[in-house]
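Reviewing the structure listed below.
Residue numbers (our numbering): -5 to 89.
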């Protein structure tokens, strides 16, 4: 599932509109549409804030190359425990 698909499904599960997401996150509704359509990705410095609003793991909002970079950084920083934590965070709340 792409980051945009994750955001769209999570928003719909929350019963929120794109306009409500935009207001809560301080962006325009077209920006939300672009994120959900995978036309552009949110800036990496906003991923945690956006993930918290959507109630998903931050790694689920990263494009695949950035996700791999994050996992490598966590491994380098925290060793095997970091790798396990980053991998489990990447699993999100799949059901």
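Idealized CB from N, CA, C, for every residue including glycine. Values in this document were obtained by computation on a predicted structure and should not be read as measured data.
{"Item": "Neighbourhood of residue 86 by C-beta distance below 6 Å, restricted to the same chain and skipping five residues each side", "Value": "Residue confidence is low: residue 86 scores 46 on pLDDT, short of 50, so the model does not pin down where it sits. No coordinate-derived value is stated."}
{"Item": "Run of the alpha helix (DSSP H) containing residue 5, from where it starts to where it stops", "Value": "-3 to 7"}
{"Item": "Residue closest to residue 58, alpha-carbon to alpha-carbon, out of 38, 48 and 46", "Value": "38"}
{"Item": "Range covered by the alpha helix (DSSP H) that runs through residue 24", "Value": "23 to 30"}
{"Item": "Neighbourhood of residue 48 by C-beta distance below 7 Å, restricted to the same chain and skipping five residues each side", "Value": "1, 4 and 5"}
{"Item": "Extent of the continuous alpha helix (DSSP H) to which residue 45 belongs", "Value": "41 to 48"}
{"Item": "Residue 13 versus residue -4 - alpha carbon distance", "Value": "21 Å"}
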